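Numbering (the working numbering), first residue to last: 51 to 264.
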């Protein structure tokens, strides 16, 4: 191949390409050889949080990004509350905060300073079941059982909502007090998904628990 230029720079095309490749390689080596210094600002700063869980005071020091679900499962070993979708769409992580049901995966633990948290472990024991737990067992309101803790916590909160007069989308008369009808309870439980399809049994269990509560 003929050289480039008029003889002052007799450089072939192959030499130009080879030189470019080698310079890129040396640049990569020099960059990778530089020591990487940790950014102090990037280090997580843990925060204290105190709350009452199942009637007992607890004090934790957590990364502020820790969800309430992970705080319960990983830091307090209350693994009855399940992690399902982790996007607030299945209801498996439902717990009660100050009596109201929430998806524990969608809230940060540090947001619940001083709050009272109730998980499935706080509703009853094998020796003294909560009426809703007993109704679920009687009516076989579960199959695999993965969603059951969230279903039960949500069901307990649903009856509390109805008793407190909290309206729903299926009430024909919004001014009237809501009633614990099967339609009403099914509507309120729509955020809790059962992949096994035990919905009819769950509804029966809730009807019995509602009658016992009344």
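C-beta: ideal position from N, C-alpha, C; glycine also. Note that this is a predicted model, so its numbers are computed, not measured.
For the alpha helix (DSSP H) that residue i lies in, which residues bound it at each end?
| i | result |
| --- | --- |
| residue 250 | 249-263 |
| residue 182 | 181-188 |
| residue 205 | 198-213 |
| residue 232 | 232-238 |
Judging by CA-CA distance, which residue of the options is the nearest neighbour of residue i?
| i | options | result |
| --- | --- | --- |
| residue 253 | 183, 216, 215 | 183 |
| residue 204 | 103, 117, 142 | 142 |
| residue 126 | 245, 197, 102, 257 | 102 |
| residue 179 | 229, 206, 239 | 206 |
| residue 171 | 98, 106, 257, 112 | 106 |
| residue 228 | 194, 218, 168 | 218 |
Would the beta-carbon of residue i fall within 8 Å of that of residue j?
| i | j | result |
| --- | --- | --- |
| residue 186 | residue 109 | no |
| residue 248 | residue 192 | yes |
| residue 197 | residue 140 | yes |
| residue 131 | residue 145 | yes |
| residue 181 | residue 93 | no |
| residue 162 | residue 233 | no |
| residue 159 | residue 117 | yes |
| residue 24 | residue 242 | A query on residue 24 cannot be resolved here, the shown segment of the chain reaching from 51 to 264 and no further. |
| residue 133 | residue 155 | yes |
| residue 257 | residue 238 | no |
On the criterion of 16 or more Cβ atoms from any shown chain inside 10 Å, does residue i qualify as buried, or is it exposed?
| i | result |
| --- | --- |
| residue 96 | exposed |
| residue 52 | Only weak support is given to the placement of residue 52: the predicted model assigns it a pLDDT of 49, under 50, and the value that follows is read from those uncertain coordinates. Flag for residue 52 reads exposed. |
| residue 121 | buried |
| residue 200 | buried |
| residue 246 | exposed |
Taking the continuous beta strand (DSSP E) assigned at residue i, which residues delimit it?
| i | result |
| --- | --- |
| residue 150 | 150-153 |
| residue 99 | 97-103 |
Given 7 Å as the limit, tell me if residue i has its C-beta closer than that to any heavy atom belonging to the ligand MN.
| i | result |
| --- | --- |
| residue 234 | Within the structure as shown, the ligand MN is missing, as the structure has no ligands at all. |
Hey, which unbroken runs of the beta strand (DSSP E) at 3 residues or more fall wholly within the segment 119-152? Qualifying beta strand (DSSP E) stretches, in chain order: 144-147.
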